[in-house]
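Down below is the structure, laid out as structure tokens.
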Amino acid sequence: MTASWPRCINDEERLERRFEVNCDAEFWRKAGVAKGFEKIPLHGYVHLFHLEWHRNIWVHVQHLSEYRYRPELRDKLVLPDHHRDLIDILTSHMDVLVQDFVQGKSGGTTILCQGAPGLGKTLTAEVYAEVVGRPLYRVHSGQLGTTAASVGASLMEILRRAMSWNAVLLLDEADVYIRRRGNDLEHNAIVAEFLRTLEYFSGLLFMTTNRTGDVDDAILSRCIATMQYETPGRQDAARLWRLQADQCGATLSDEMVDVLIAAYPKASGRDIKELMKLATRYGKAKQTALSEDVFRLCAQFRAIEPIR
């Protein structure tokens, strides 16, 4: 159940709900309330957890509507076929995963997504939450704290919520907590506490990081799969340009798509998205058609150097 304006999730299990609909006059007399006041208006509020504000709120039932998942978004996620096949398998057969020999230890699915910014790591978790029909609980690493004690306490509460809601948990930009341990004792303690707490999570967890070469070995060993995200190849780039053009209400010819791929071979998915948005708005403001010159002009504001 979600509120119609933000994404929220029902978190009422932790509350003891008590309603008084009608009380006799003796009740009010003992309570010191004026004689004759016997009815209490009952307001239909529900206690929810705001998935973006990360705090509990009260919302009136008239402002609630059921969230409709959109599994069709999978078709708009541009990934290599082997990446897509692996995630399909890991997210569609959660019930076949077995528990550890030690009671209570992890029987969950942890997927580590590695790569440069803008390649679709976070989007993968967002889309597959829609595919499997579960709420996405997105947590930025900065919310966990900077000491071993705060990381352990915060992460334990977050994991408890995710398992209680049967949510897909996304730990975004987890670089600090998964970096390889060295001579920094405080950092070593944080990574150790992170590992200890994570052992008892039995849900679906995506972790994203921009690091590719210095992830702690113990972190890697606890991930059922590690996925490397790279700059899209020619075929994927062509699909991204067309998808983003459709999203912006623009049309790109096959010739123009070929020109853009050749001019920006190192563009990430986010680069393509933002450049397409900027070029479309520029074209509408100047009342001019999208051309190679328009894209070159806009690319300088995205710090993307075209190949001449």
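Residue numbers 424 to 731, in the numbering used here, belong to the letters of the sequence shown in order. By construction, the Cβ of each residue, glycine as well, lies at the ideal position given by its N, Cα and C atoms. These numbers were taken from a predicted model, which means no experiment stands behind them.
Asked                                                                                                             : Found
Where Ala597 sits in the DSSP three-state scheme                                                                  : coil
Coil, strand or helix - His563 by DSSP                                                                            : strand
Per DSSP, cross-strand counterpart(s) of Arg592                                                                   : Sequence inspection shows Leu at residue 592; the Arg mentioned does not correspond to that position. Answer by DSSP bridge pairing, in chain order: Tyr560, Leu628.
Nearest-angstrom beta carbon gap, Phe617 and Val574 [assumed within contact, 8 Å]                                 : 6 Å
Span of the beta strand (DSSP E), counted from its first residue to its last, around Tyr652                       : 648–652
Selected residue, minimal CA-CA separation from Val547, among Asp511, Leu582, Asn479, Ser577                      : Per the sequence shown, the amino acid found at residue 547 is Thr instead of Val. Checked all of Asp511, Leu582, Asn479, Ser577; the closest Cα to Thr547 is Asp511.
Check whether Gly538 and Gln651 have beta carbons under 9 Å apart                                                 : yes
Spatial neighbours of Ser676 in its chain, beta-carbon cut-off 8 Å, leaving aside the 5 residues before and after : none
Neighbourhood of Leu627 by C-beta, 6 Å cutoff - its chain only, sequence neighbours within 5 removed              : Thr532, Val591
Inter-residue Cα distance where the pair is Lys700 and Ala690                                                     : 14 Å
Rounded separation between Trp664 and Arg497 - CA only                                                            : 17 Å
Continuous beta strand (DSSP E) stretch holding Phe472: start and end                                             : 468–473
Where the alpha helix (DSSP H) containing Gly568 begins and where it ends                                         : Neither: Gly568 is in no alpha helix (DSSP H) and is coded neither H nor E.
Cβ distance (whole Å) where Leu502 is taken to contact Thr632 below 8 Å                                           : About 17 Å separates the two Cβ atoms, so there is no contact after all.
Reference Asp694; option with closest CA among Cys721, Glu715, Ala708                                             : Cys721
4-residue-minimum alpha helix (DSSP H) runs that sit fully inside the segment 642–710, ordered along the chain    : 657–670, 677–686, 692–709
Proximity winner among Ala685, His477, Val554, Arg478, relative to Ser515 (alpha-carbon distances)                : Val554
Val469 versus Val550 - alpha carbon distance                                                                      : 28 Å
Thr545 (DSSP reduced to helix, strand or coil)                                                                    : helix
8 Å contact criterion, which Asp595 and Arg634 should meet: CB distance rounded                                   : At roughly 13 Å, the Cβ-Cβ gap does not stay under 8 Å, so Asp595 and Arg634 are not in contact.
Contact check, Cys431 vs Leu474, beta carbons under 9 Å                                                           : yes
Leu593 and Ala552 closer than 9 Å at C-beta                                                                       : yes
One or two residues paired with Ser577 in a DSSP bridge                                                           : Looking at the DSSP assignment, Ser577 forms no beta bridge with any residue, so it has no partner.
Given Leu713 as reference, the closest of Ile727, Ala726, Leu698, Trp588 once Cα atoms are compared               : Leu698
Extent of the continuous alpha helix (DSSP H) run through Leu621                                                  : 608–621
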